[in-house]
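Step one of this worksheet: look at the structure below.
Chains as they are written, first to last, in our numbering: chain S, 1 to 612; chain G, 1 to 151.
Below you can see the structure in the form of structure tokens.
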């Protein structure tokens, strides 16, 4: 066995793969061969390291150096300078606004407020090697539980930890397990819900790809507690890498006797398999998911009965989210008090968030519950790029709501966010700057849930469509008095009357934006004006004659020939014919063309616009 | 023709979704044909109507022939915020198709899809099982041309 002097960890989560990390790995291996140092250097593919916006990223140990935005063209210099000459490349390290270079991972602000439980191994181990998971304490928890704990003891530990479902429901995990355990049945099942469909959410994907054995071990702990013999990983078909990693993990666990009969010499027998979806967001709802596992359309059923009482093939079934399962092994190895020592009164432990949208550090983070939105967005997230102002943050995906600047000091926990009209949800956090139209964003989310509706119940199937029609009218300049009140009435009814969580929460983005951004709706309806100039029918392009040099470039680039004029007379846009393509503004050499709020049949002076 | 796929599964209704995935993936036109549905119905002993119910419910299946490379561009908010609309316009112009259509040479079909979970690298798309993120005009041209060259 040769001893390696250096470990190079290359992030191969789907985000970095999409940015080219596998090509970098291939080039690195070539370069090491070229210099005949392949035997000295370990090149390891890991799961997601977190800061997706800086991808592809890599870490080099033992120095603990973090490289960002690495490209294939950097590899030669990296090998030459760092690996051969011992001079890490400063130009590829993280820097802050004052040009301070962070030479070590531990110094980087993105990581400072994070405490990793579910993501503990992500970015550090090769997810294809069970040995690496075991080396970091993997399967100790299930070993301890099978040797020392009864089923009730196991449930009590989880109850004591305060763990709540991380998929969005926030239901106490210990209580769910208790319901399942209390059912007398020949067969029971555990399902890992990996049908993560919330736009802006990729927490579960990253955990499954980066540390599949952690989730498998969590499933085993759940299965032992409730008395289940079989587990299913229900994974979206859009996650092929996660599917293959879990399949491989199951095979490896079998090879070491960690799955199958008499695990660790106990009476506990358990096996797991992977089931995939086929592109239906509603299958994230547990009863729809169960229908899908049974080979049917993913249509939800009324609850009660809850799956804990009657689930897959009417057997008691515990459905847990990926992150919930990933938290379990640490709860047993470090103890429930350690986990409950973090967070707030009602929301214990840590939560993984996916930061996306208009924020500097998009990516995956794990912070203790109770951290404020301001800390999450501005300290961990690095704030809003390009000098723009923060406007709103959408939490909880299409089931959640938008919060404003006034809420930035709200602590993130289940109850606080619900009171403000949003929710923790699965952990998607979409940050928006001043250039975003909140009416348009709400319409976007509504379109998503409307299209994903299974169609079973009228409030959701018909109600969301009616709401969407109103939103379409508002954003196309045909809004009328009473529309806002109608949206509120419809939204409230749909929330109360829908069969499942999809319909019950779908109106939330509209209702929360009406609550906090009513003035934008009013401006769209009453003034036929979109102040952020996003809704094309409610804005127009305008040529400032004082700046125009009469070159005519805009007129030549206009696809509908609606720009008329001459060198002497200067140019103007015939607004009625304009299709708002924006070509003119793009090609103008003197920036004489700008976007103005309002329909534009006569020039509108927007000098007092608060949006500049 | 589908024997190889049927051998992998026991003839139970719960395997329907995976059998349909395998059939679609093995078809060069990336769809599930009427003939395939007939064979699946015989193998699993379930009505054809049930199979069509499942095929039309789940968005990843197609009952119509598609291109060899199915491009699924994410249209969800995080990708929209990072300019996915522009990428879509460029993609459709490059390939001379509308959303849902297949190119004349049968190489590409353009579809929109819900969140792919690559939001940290928005805007993003999948082509068959490969993911592509941080899309720009230049990147898009390179990706499409690379596939055309390999075809």
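The beta-carbon is built from N, C-alpha and C at its ideal position, and this holds for glycine as well.
In the DSSP assignment, the alpha helix (DSSP H) including residue i goes from what residue to what residue?
i	result
residue 212 of chain S	212-226
residue 380 of chain S	That residue, residue 380 of chain S, is in no alpha helix (DSSP H); it is neither H nor E in DSSP.
residue 181 of chain S	173-182
residue 459 of chain S	458-461
residue 146 of chain G	137-150
residue 403 of chain S	No alpha helix (DSSP H) contains residue 403 of chain S, which is instead part of the beta strand (DSSP E) from 401-404.
residue 289 of chain S	286-293
residue 133 of chain S	130-135
residue 262 of chain S	Per DSSP, residue 262 of chain S belongs to no alpha helix (DSSP H) and is neither H nor E.
residue 38 of chain G	34-44
residue 42 of chain S	Per DSSP, residue 42 of chain S belongs to no alpha helix (DSSP H); it is in the beta strand (DSSP E), 41-46.
Kindly indicate if chain S contains any beta-carbon less than 9 Å away from that of residue i.
i	result
residue 2 of chain G	no
residue 91 of chain G	no
residue 142 of chain G	no
residue 80 of chain G	yes
residue 11 of chain G	no
residue 114 of chain G	yes
residue 77 of chain G	yes
residue 20 of chain G	yes
residue 134 of chain G	yes
residue 36 of chain G	no
residue 15 of chain G	yes
residue 23 of chain G	no
residue 151 of chain G	no
residue 7 of chain G	no
Determine the burial state of residue i: buried for a count of at least 16 other Cβ atoms within 10 Å of its Cβ, exposed for fewer.
i	result
residue 89 of chain G	exposed
residue 199 of chain S	buried
residue 280 of chain S	buried
residue 30 of chain G	buried
residue 213 of chain S	buried
residue 115 of chain S	exposed
residue 611 of chain S	Note that residue 611 of chain S has pLDDT 39, beneath the 50 cutoff, so the model's placement of it is unreliable and the number below is only indicative. So residue 611 of chain S counts as exposed.
residue 606 of chain S	Because the pLDDT at residue 606 of chain S is just 47, under 50, the model does not fix this residue reliably, and the value given afterwards should be weighed accordingly. Residue 606 of chain S is buried by the Cβ-count criterion.
residue 348 of chain S	buried
residue 205 of chain S	buried
residue 3 of chain S	exposed
When you compare the CB of residue i with every CB in chain G, is at least one pair closer than 9 Å?
i	result
residue 432 of chain S	yes
residue 609 of chain S	Low local confidence applies: a pLDDT of 40 at residue 609 of chain S is under 50, so the model's placement there is unreliable, with the coordinate-based value given in what follows. Chain G contact via Cβ: absent.
residue 307 of chain S	no
residue 10 of chain S	no
residue 606 of chain S	Here residue 606 of chain S scores only 47 on pLDDT, less than 50, and its place in the model should not be relied on; the value that follows carries that caveat. Residue 606 of chain S does not count as touching chain G.
residue 240 of chain S	yes
residue 293 of chain S	yes
residue 84 of chain S	no
residue 612 of chain S	With a pLDDT of 38 at residue 612 of chain S, under the threshold of 50, the modelled position of this residue cannot be trusted; read the value that follows with caution. For residue 612 of chain S, the answer is no, since every Cβ of chain G falls outside 9 Å of its Cβ.
residue 14 of chain S	yes
residue 128 of chain S	no
So residue i contacts chain S; which residues on that side make the cut at Cβ distance below 7 Å?
i	result
residue 59 of chain G	279, 280
residue 118 of chain G	14, 15, 18, 202
In the DSSP assignment, find the unbroken beta strand (DSSP E) run with residue i in it and report its ends.
i	result
residue 58 of chain S	58-61
residue 275 of chain S	271-276
residue 73 of chain G	69-74
residue 356 of chain S	350-357
residue 317 of chain S	317-321
residue 585 of chain S	Premise fails: residue 585 of chain S lies in the alpha helix (DSSP H), 583-587, not in any beta strand (DSSP E).
residue 279 of chain S	Where residue 279 of chain S is concerned, there is no enclosing beta strand (DSSP E), given that its DSSP letter is neither H nor E.
residue 16 of chain S	Unbroken run through residue 16 of chain S is the alpha helix (DSSP H), 14-18; no beta strand (DSSP E).
At 7 Å on the CB atoms, spell out the chain G contacts of residue i, in chain order.
i	result
residue 55 of chain S	121
residue 576 of chain S	By Cβ distance, chain G contributes nothing, its closest Cβ being about 23 Å from residue 576 of chain S, past 7 Å.
residue 263 of chain S	In chain order: nothing, as chain G lies at least about 25 Å away.
residue 231 of chain S	What residue 231 of chain S touches in chain G: nothing, since even the nearest Cβ is about 15 Å away.
residue 473 of chain S	In chain order: nothing, as chain G lies at least about 20 Å away.
Cβ closer than 8 Å: which chain G residues qualify as neighbours of residue i?
i	result
residue 17 of chain S	131
residue 198 of chain S	115
residue 326 of chain S	Simply none; closest approach about 16 Å.
Name the chain S residues that come within less than 8 Å of residue i, Cβ to Cβ?
i	result
residue 52 of chain G	In chain order: nothing, as chain S lies at least about 10 Å away.
residue 126 of chain G	238
#### Entry: Contained alpha helix (DSSP H) runs [length at least 4] in the segment 74-129 of chain G, N- to C-terminal order
When DSSP assignments are scanned along the segment 74-129 of chain G, the uninterrupted stretches of alpha helix (DSSP H) that are 4 or more residues long and fall wholly within it turn out to be 77-81, 84-95.
### Task
Only counting runs of 4 or more residues, tell me where the alpha helix (DSSP H) segments fall wholly within the segment 459-510 of chain S, in order along the chain.
The qualifying runs are 463-475, 483-497, 501-505.
#### Entry: Length-filtered (3 minimum) beta strand (DSSP E) runs lying within the segment 499-569 of chain S
Fully enclosed beta strand (DSSP E) runs of 3 or longer: 539-543, 563-566.
### Whole runs of the alpha helix (DSSP H) within the segment 141-165 of chain S, excluding any shorter than 4 residues
Qualifying alpha helix (DSSP H) stretches, in chain order: 151-161.
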